[in-house]
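Visitor:
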Amino acid sequence: MYKNVAGEIIAIGDELTCGRVANTTSRLAARKLFLLGYDFAVMQCIGDDPALIGRTLRGALEHADFVLVTGGLGSTDDDLTTAAAADALGLGTKSHPVLAMRLRERLAAEGRDFDLPLFSRFAVLPEGAEPLDMEGRMAGYLLEHRGKPIWFLPGVPSQMAVLLEDRVIPELQGRFPQPPLRQHLYHSCGLPELDINARLKALAGRPGLHLGYYPIGFNVDVSLTLRGGSAAANEALFQEADSLIRARLGAHIFGESDDSLPEVVGRLLERHGKRLVLAESCTGGLLASSLTAIPGSSRWFEGGAVVYSNRLKERVLGVPKDILDHFGAVSRECAAAMATGALARLGGDIAVAVTGIAGPTGGSAEKPVGTVYLALAAKNGSGPQVQLLHLHGARAEIQQQTMQRALDTVRRALISTA
Numbered sequence: 001m002y003k004n005v006a007g008e009i010i011a012i013g014d015e016l017t018c019g020r021v022a023n024t025t026s027r028l029a030a031r032k033l034f035l036l037g038y039d040f041a042v043m044q045c046i047g048d049d050p051a052l053i054g055r056t057l058r059g060a061l062e063h064a065d066f067v068l069v070t071g072g073l074g075s076t077d078d079d080l081t082t083a084a085a086a087d088a089l090g091l092g093t094k095s096h097p098v099l100a101m102r103l104r105e106r107l108a109a110e111g112r113d114f115d116l117p118l119f120s121r122f123a124v125l126p127e128g129a130e131p132l133d134m135e136g137r138m139a140g141y142l143l144e145h146r147g148k149p150i151w152f153l154p155g156v157p158s159q160m161a162v163l164l165e166d167r168v169i170p171e172l173q174g175r176f177p178q179p180p181l182r183q184h185l186y187h188s189c190g191l192p193e194l195d196i197n198a199r200l201k202a203l204a205g206r207p208g209l210h211l212g213y214y215p216i217g218f219n220v221d222v223s224l225t226l227r228g229g230s231a232a233a234n235e236a237l238f239q240e241a242d243s244l245i246r247a248r249l250g251a252h253i254f255g256e257s258d259d260s261l262p263e264v265v266g267r268l269l270e271r272h273g274k275r276l277v278l279a280e281s282c283t284g285g286l287l288a289s290s291l292t293a294i295p296g297s298s299r300w301f302e303g304g305a306v307v308y309s310n311r312l313k314e315r316v317l318g319v320p321k322d323i324l325d326h327f328g329a330v331s332r333e334c335a336a337a338m339a340t341g342a343l344a345r346l347g348g349d350i351a352v353a354v355t356g357i358a359g360p361t362g363g364s365a366e367k368p369v370g371t372v373y374l375a376l377a378a379k380n381g382s383g384p385q386v387q388l389l390h391l392h393g394a395r396a397e398i399q400q401q402t403m404q405r406a407l408d409t410v411r412r413a414l415i416s417t418a
């Protein structure tokens with residue numbers, strides 16, 4: 001019989017609460033443990049304040065079955081977690097003899113005896129705490145309070161990940177085994193979240209099945225989670241739900257699990273033996289950057305031109321001055337000329353061009369911020385295909401949506417020729 005358990009994550013550090021450093025440790029822990037069947041009803045991020053640390057920890061222990069605490073375990077003056085936690089739980093602190101000895105031996109072997117006063121703080125733990133790394137290479141310990149385990153982990157993401165995998169997960173699974181869980185992620189383009197929700201209504205309310213919808217710019221991720229049943233029952237339910245999702249979303253699904261849109265486009269280009277070139281204005285190189293981040297992209301990506309000014313649109317891509325004078329840089333005609341110019345002057349088999357107004361200034365009543373023209377031209381094709389997009393959001397959001405829409409246009413063009 002499985003017991004339903006809920007955890008809580010507390011991330012500690014002024015660098016997190018002021019926004020200087022992203023809280024990646026909580027995200028990593030929550031994701032890994034969720035896929036193993038563990039829920040977190042609460043994730044908190046607090047500063048290096050001893051009283052606040054104490055209140056938050058005591059509050060977590062009132063309703064959580066286990067707690068993960070990250071950060072504040074180092075050897076500098078702003079690392080206050082251990083002392084604050086001990087005080088909050090009515091415990092003293094003392095040097096762990098074995099850990100202190102291993103620290104001395106390791107530092108001596110490395111010729112770093114002068115660091116001992118600094119690193120000796122790693123060995124000072126709340127009474128009853130058990131170190132997670134007995135060699136003292138990483139701070140961290142397990143403390144049990146009234147039958148509830150609290151894992152204190154370093155705020156350094158790489159160290160936290162090691163201890164989470166090697167110590168926390170095995171111990172958590174031993175204490176609170178959870179039923180089988182299966183999750184599958186579908187990445188989609190071209191449908192709003194509400195439309196996807198409406199298409200998948202038939203799956204709503206099914207016992208043991210949960211659908212989640214997560215918009216990311218122009219894309220929407222759909223998560224299918226199955227839990228609580230036997231492995232065989234979950235597999236049967238998964239096959240039924242998976243078939244319905246694929247049938248209802250069709251070509252809007254561009255990938256699954258860890259797929260990214262640039263990777264999917266790259267695989268299609270390579271499969272079809274095509275090479276892509278770009279002509280970017282409002283995205284400022286974002287399209288090229290997303291593609292060249294993929295190892296091996298030189299096999300299918302020729303390159304591109306960032307032509308922000310009208311002068312470069314003329315000189316680099318050969319956009320006629322008459323088009324720029326009569327229709328403007330943000331126009332159907334200019335986008336088409338950019339795409340055909342890129343194909344003619346940069347080579348390749350497929351060209352994509354984008355030109356628009358990313359904002360926050362530069363818009364007008366006729367062409368408001370978010371107006372974007374996207375053109376695709378193919379070698380030996382019938383002529384460039386141009387789309388008018390009306391996008392919304394801040395500058396970076398409009399650029400991101402333009403990038404996603406341009407890549408999806410390439411994807412759809414390639415799958416339509418399969």
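Per full-length UniProt numbering, the sequence shown starts with residue 1, numbered consecutively.
Ideal Cβ placement from N, Cα and C applies to all residues, glycine included.
Treat the numbers as computed from the prediction; the structure is a model and nothing was measured.
(1) Taking the alpha-carbon positions, what's the Leu261 to Ser297 distance?
(2) Determine the direct distance from the alpha carbon of Glu240 to that of Arg102, and round the result to whole angstroms.
(3) Kindly indicate which three-state DSSP category Arg20 falls into: helix, strand or coil?
(4) What residues are listed by DSSP as bridge partners for His184?
(5) Closest to Leu268 by CA distance: which of Leu278, Phe254 and Ala279 is it?
(6) Given a cut-off of 9 Å, decide if Ser257 and Pro180 are closer than it, judged by their beta-carbon atoms.
(7) What number of angstroms, rounded off, separates the C-alpha of Gly19 from the C-alpha of Ser26?
(8) Under 9 Å between the Cβ atoms of Ala358 and Ala336?
(9) Candidates Gly71, Tyr38, Leu61 and Gly37: which alpha carbon is nearest Ile46's?
(10) Near Ala339, which residues of its chain fall below 7 Å by C-beta distance, leaving aside the five closest residues on each side in sequence?
(11) One question on the structure: do residue 437 and Thr402 come within less than 9 Å of each other, judged by their Cβ atoms?
(12) Just to check my reading of the structure: Ile196 and Val220 have Cβ atoms closer than 8 Å, yes? What is that Cβ distance to the nearest angstrom?
(13) Indicate the three-state DSSP secondary structure (helix, strand or coil) for His63 in the structure shown.
(14) Please state the DSSP three-state secondary structure of His392.
(15) Which residues bound the beta strand (DSSP E) around Val42?
(16) Once you ignore the five residues that flank Asp408 on each side, which residues in its own chain have a CB closer than 6 Å to its CB?
(17) Going along the chain, which residues of its own chain have a beta-carbon closer than 7 Å to the beta-carbon of Leu132, five neighbours each way excluded?
(18) Determine the DSSP secondary structure at Ala231, reduced to helix, strand or coil.
(19) For Leu286, is the classification buried or exposed, using 16 other Cβ atoms within 10 angstroms of its Cβ as the cut-off for buried?
(20) When DSSP labels each residue in this structure, what does His210 get in the three-state scheme?
(21) So, are the CB atoms of Asp259 and His184 less than 9 Å apart?
(22) Determine the burial state of Glu8: buried for a count of at least 16 other Cβ atoms within 10 Å of its Cβ, exposed for fewer.
(23) Enumerated in chain order, which unbroken segments of the alpha helix (DSSP H) with a length of 4 residues or greater are wholly contained in the stretch 100-148?
(24) Alpha carbon to alpha carbon, what distance is there between Arg137 and Asp113?
(25) Would the beta-carbon of Ile169 fall within 9 Å of that of Leu324?
(26) Is the distance from the Cβ of Tyr373 to the Cβ of Val410 below 9 Å?
(27) Closer than 7 Å by C-beta to Leu203: which residues in its own chain qualify, once you throw out the five before and the five after it? Chain order, please.
(28) Between which two residues does the alpha helix (DSSP H) carrying Leu324 extend?
Guide: Taking the geometry as given:
(1) 13 Å
(2) 55 Å
(3) coil
(4) Leu224
(5) Phe254
(6) no
(7) 14 Å
(8) no
(9) Gly71
(10) Ala279, Ala351, Val352, Ala353, Ala375, Leu376, Ala377 and Pro384
(11) Nothing in the structure corresponds to residue 437, since the chain is present only between 1 and 418.
(12) 6 Å
(13) helix
(14) coil
(15) Asp39 to Ile46
(16) Cys189
(17) Gly140, Tyr141, Leu142, Leu163 and Arg167
(18) helix
(19) buried
(20) strand
(21) no
(22) buried
(23) 116-119
(24) 15 Å
(25) no
(26) no
(27) Leu209, Leu211, Ala241 and Leu244
(28) Lys321 to His326
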